[in-house]
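Residues are numbered in my numbering as their position in the sequence shown, beginning at 1, plus a constant of 1004.
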Amino acid sequence: MKDLVVGLILKLWAFLTGFTWEQWGWMLLATVIVAYMVYNRKKYVQIFDNAVVYAETSFNYGDNLKKLDGAVTFIIERTNSLPFIARVIIRKFLSRKRMLDIIETTLQKFSNVFGTGRKIDIKGNEEDGEN
1005 MKDLVVGLIL KLWAFLTGFT WEQWGWMLLA TVIVAYMVYN RKKYVQIFDN AVVYAETSFN
1065 YGDNLKKLDG AVTFIIERTN SLPFIARVII RKFLSRKRML DIIETTLQKF SNVFGTGRKI
1125 DIKGNEEDGE N
């Protein structure tokens, strides 16, 4: 058992001494940046929450709603010339509701990981039409 521990320590020492001074410098810089972000975590949580709220608002009321409608129209127009099976599959999986669900899920995960986890709701992807 003692030989195993000594062997692991020697392997770790050989691994760590294999880095150049430049690599140690970059690792130190990365450590300082991560430590700074952890130290100022509350400020960044507020920034992330504001970004999520802005994205949600722009999809509900802003230009992104028009862009999303344009993307759905583009998909429908471009798939008209495809064979029937391909057209059905593409329209089934790239519907407006599916796109909104993907965007909403992504924003929700972003809020859960980096922000306070506030509930995200983009209008237009509800089953019963309520928001």
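We treat Cβ as the ideally placed atom computed from N, Cα and C, and that holds for glycine.
Problem - Local conformation of GLY1011 per DSSP, three classes - result: helix
Exercise for the section: Quick one: grab the DSSP three-state call for PHE1114. Expected result: helix
Problem - At least 3 beta-carbon pairs within less than 8 Å: the region 1063-1076 vs the region 1046-1053 - result: By the Cβ rule, the region 1063-1076 does not count as touching the region 1046-1053, because fewer than three pairs are nearer than 8 Å.
Exercise for the section: Give the straight-line distance between the Cα atoms of THR1024 and SER1099, rounded to the nearest whole angstrom. Expected result: 52 Å
Handout entry: For ILE1061, three-class secondary structure by DSSP
Key = According to the sequence as given, residue 1061 is Thr; it is not Ile. If DSSP states are grouped into helix, strand and coil, THR1061 belongs with the helices.
Handout entry: Stretch-stretch touch, CB-based, cutoff 8 Å, three pairs: the region 1056-1073 with the region 1106-1113
Key = yes
Exercise for the section: Look at the alpha carbon of ARG1091 and the alpha carbon of ILE1106, and state the distance between them as a whole number of angstroms. Expected result: 20 Å
Practice task
Determine the DSSP secondary structure at PHE1023, reduced to helix, strand or coil.
Solution key: Three-state result, PHE1023: coil.
Handout entry: Residue closest to PHE1052, alpha-carbon to alpha-carbon, out of GLY1119, LYS1123, ASP1125, ILE1124
Key = GLY1119
Exercise for the section: May I have the straight-line CA-CA distance separating ARG1095 from ALA1039, to the nearest angstrom? Expected result: 47 Å
Practice task
Since I believe LYS1127 is in contact with ASN1064 (beta carbons under 8 Å), could you give me their beta-carbon distance rounded to a whole number of angstroms?
Solution key: 5 Å
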